[in-house]
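Participant: Numbering (my numbering), first residue to last: 8 to 97. Even for Gly, the Cβ is constructed at its ideal location relative to N, Cα and C. Quick caveat, the model's predicted, so the values are computed rather than measured.
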Ligand SMILES: [Zn+2]
């Protein structure tokens with residue numbers, strides 16, 4: 008895979024999810040980088056997993072089998088991507 012990302016892309020991506028990339032240096036699409044979501048959870052993941060794979064904070068993300076419900080309103084309050092499509096009551 009051609010590695011055409013740079014640190015500015017990581018910053019832009021994290022911002023689009025309401026978070027930040029903690030690492031100040033880009034080390035490759037498959038390398039672990041440190042991130043913080045809008046609810047202050049820190050986690051490590053590669054840019055590939057997040058940007059190409061569509062994942063974000065593992066603490067905020069619900070699992071497929073999670074029956075405890077998920078607070079979309081809370082998520083939308085910190086994550087611009089969720090907020091963009093979230094409709095209250097749905
Ligand atoms: Zn989180």
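1. Between which two residues does the beta strand (DSSP E) harbouring residue 91 extend?
2. Can you tell me the Cβ-Cβ gap for residue 53 and residue 37, rounded? I've got them flagged as a contact below 8 Å.
3. Looking only at its chain, what residues have a beta carbon closer than 8 Å to the beta carbon of residue 70, apart from the 5 residues adjacent to it on each side?
4. Is residue 52 helix, strand or coil when you go by DSSP?
5. Check the DSSP bridge columns for residue 40 and list the partner residues they point to.
Facilitator: According to the data block:
1. No beta strand (DSSP E) holds residue 91; the alpha helix (DSSP H) holding it covers 87-92.
2. Between residue 37 and residue 53 the Cβ distance is about 5 Å, and since that is below 8 Å, they are a contact.
3. Counting only Cβ-Cβ distances below 8 Å, and skipping sequence neighbours, we find nothing.
4. Under the three-state reduction of DSSP output, residue 52 falls in the strand class.
5. According to the DSSP secondary-structure assignment, residue 40 is paired through a beta bridge with 52.
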